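What follows is a short report on a single structure.
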Amino acid sequence: GAVVSQHPSWVICKSGTSVKIECRSLDFQATTMFWYRQFPKQSLMLMATSNEGSKATYEQGVEKDKFLINHASLTLSTLTVTSAHPEDSSFYICSAGGVKDTQYFGPGTRLTVL
Amino acid sequence: GDSVTQMEGPVTLSEEAFLTINCTYTATGYPSLFWYVQYPGEGLQLLLKATKADDKGSNKGFEATYRKETTSFHLEKGSVQVSDSAVYFCALTGYSSASKIIFGSGTRLSIRP
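Just so you know, the sequences run in chain order A and B.
Every letter in the first sequence is one number past the one before it in the working numbering, and letter 94, counting from 1, is 92.
Here the working numbering runs 96 ahead of the position in the second sequence, where the first position is 1.
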């Protein structure tokens, strides 16, 4: 079946630094990938839709200059949290569009900002 | 806009009990409906789905039927196990894999031995 990987699976960084999270579709190509954020014991909040070769579409309230998304190829999308602060600590999950209505989710990246 | 409302948790049951987690939706058009499961510390896994009215999705003993007349997609399992303890999300999306997924708030399920 289709597999989506994320790297790293967890990261701890100091406040003010930037962190890059990768999302890869391992055995299929995805023109569209999605980035979600999940706070403890809450549902997933869609942050942005990443389209290969074009700018990402951000949801209302998500700062595009803080959460930089790049979808450079059909198998890779990256999310960079710039100048991270403790309130950015969260579980970040990506998904990649497969066939028809199916999306495949990565295992998530836990970010802790000290 | 489209939305999903699901039963608030947490839900605590004894092993072998019958499970129902309610889910209703509001959508224009004909969405596909999903149940996702998230085990502790892990990402989401697709549990089952249904793409049109009266379809029944099933997997691992779980079932849900797409009811257009009641706009519902309730999750059921006849006999739960401790290993079913997880958070369950009801969701909907459009036809294309480029469509956004709208998630419900999630229901935390705990099963006592």
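All C-beta atoms in this analysis are idealised placements derived from N, C-alpha and C, irrespective of residue type, glycine included.
Small disclaimer: the values here were computed from a predicted structure and weren't measured.
Top-ranked residue by Cα proximity to L137(A), from T47(A), D86(A) and H5(A) = Outside the shown range of chain A, which is -1 to 112, sits residue 137(A), and nothing can be said about it.
Cβ of P105(A) less than 9 angstroms from any chain B Cβ?
-> True, the Cβ-Cβ gap to chain B drops below 9 angstroms.
S179(B) - DSSP class collapsed to helix/strand/coil | Helix.
Pick helix, strand or coil for E104(B), following the three-state DSSP scheme.
-> Note: E104(B) maps to coil in three-state DSSP.
Drop a sphere of 10 angstroms on the beta-carbon of R22(A), count the other beta-carbons inside from all chains shown, and report buried for 16 or more, exposed for fewer.
-> Buried: at least 16 other Cβ atoms inside 10 Å.
For E85(A), which three-state DSSP category applies?
-> Annotated three-state conformation of E85(A) is helix, per DSSP.
Contact set for F130(B): own chain, Cβ-Cβ below 6 angstroms, skip 5 residues either direction | So the qualifying residues of the chain are K145 and A187.
Measure the alpha-carbon distance for E217(B) versus I197(B) and round it to whole angstroms.
-> Residue 217(B) falls outside the range modelled here, since chain B spans only 97 to 209, and no answer is possible.
Apply the 10 Å Cβ neighbour rule to Q27(A) and answer buried if 16 or more other Cβ atoms are within range, or exposed otherwise.
-> Result: exposed.
Does the segment 52 to 61 of chain A come close enough to the segment 103 to 113 of chain B that 3 or more CB-CB pairs lie under 8 angstroms?
-> The segment 103 to 113 of chain B is not in contact with the segment 52 to 61 of chain A.
Taking the runs of the beta strand (DSSP E) that are 3 residues or longer, which of them lie wholly in the segment 111 to 191 of chain B?
-> Qualifying beta strand (DSSP E) stretches, in chain order: 115 to 117, 119 to 122, 128 to 134, 140 to 146, 152 to 155, 158 to 161, 171 to 173 and 182 to 189.
Closest to I207(B) by CA distance: which of K173(B), G190(B), S195(B) and S201(B) is it?
-> Nearest C-alpha to I207(B): K173(B).
Which residue's Cα is closest to the Cα of D150(B): Y126(B), E138(B), L142(B) and S195(B)?
-> In this structure, Y126(B) is the residue among Y126(B), E138(B), L142(B) and S195(B) with its C-alpha nearest to the C-alpha of D150(B).
Check whether T126(A) and D63(A) have beta carbons under 9 angstroms apart = This structure cannot settle anything about residue 126(A), because the visible part of chain A is limited to -1 through 112.
Is the beta carbon of F103(A) sitting closer than 9 angstroms to the one on Y132(B)?
-> The answer is yes: Cβ separation under 9 angstroms.
Would you tell me roughly how many angstroms separate the C-alpha atoms of K148(B) and M45(A), rounded to the nearest one?
-> When rounded, the distance between both Cα atoms is 28 angstroms.
Does any C-beta atom of chain B lie closer than 9 angstroms to the C-beta of K62(A)?
-> With 9 angstroms as the cut-off, K62(A) does not count as an interface residue toward chain B.
Can you name the residues that DSSP bridges to Q36(A)?
-> According to the DSSP secondary-structure assignment, Q36(A) is paired through a beta bridge with L42(A) and F89(A).
Paired residues, beta bridge with F199(B) - DSSP | Under DSSP, F199(B) shares a beta bridge with A187(B).
Apart from the five residues on each side of it in sequence, which residues of its chain come closer than 8 angstroms, Cβ to Cβ, to S168(B)?
-> Correct list, in chain order: N118, C119, T120 and Y121.
Output, in sequence order along the chain, the residues in the segment 130 to 147 of chain B whose CB is closer than 9 angstroms to any CB in chain A.
-> Going along the segment 130 to 147 of chain B in chain order, one finds F130, Y132, Q134, G137, E138, G139, L140, Q141, L142, K145 and T147 with a Cβ nearer than 9 angstroms to chain A.
DSSP state of V79(A) mapped onto helix, strand, coil = In the three-state DSSP reduction, V79(A) falls in the strand class (E or B).
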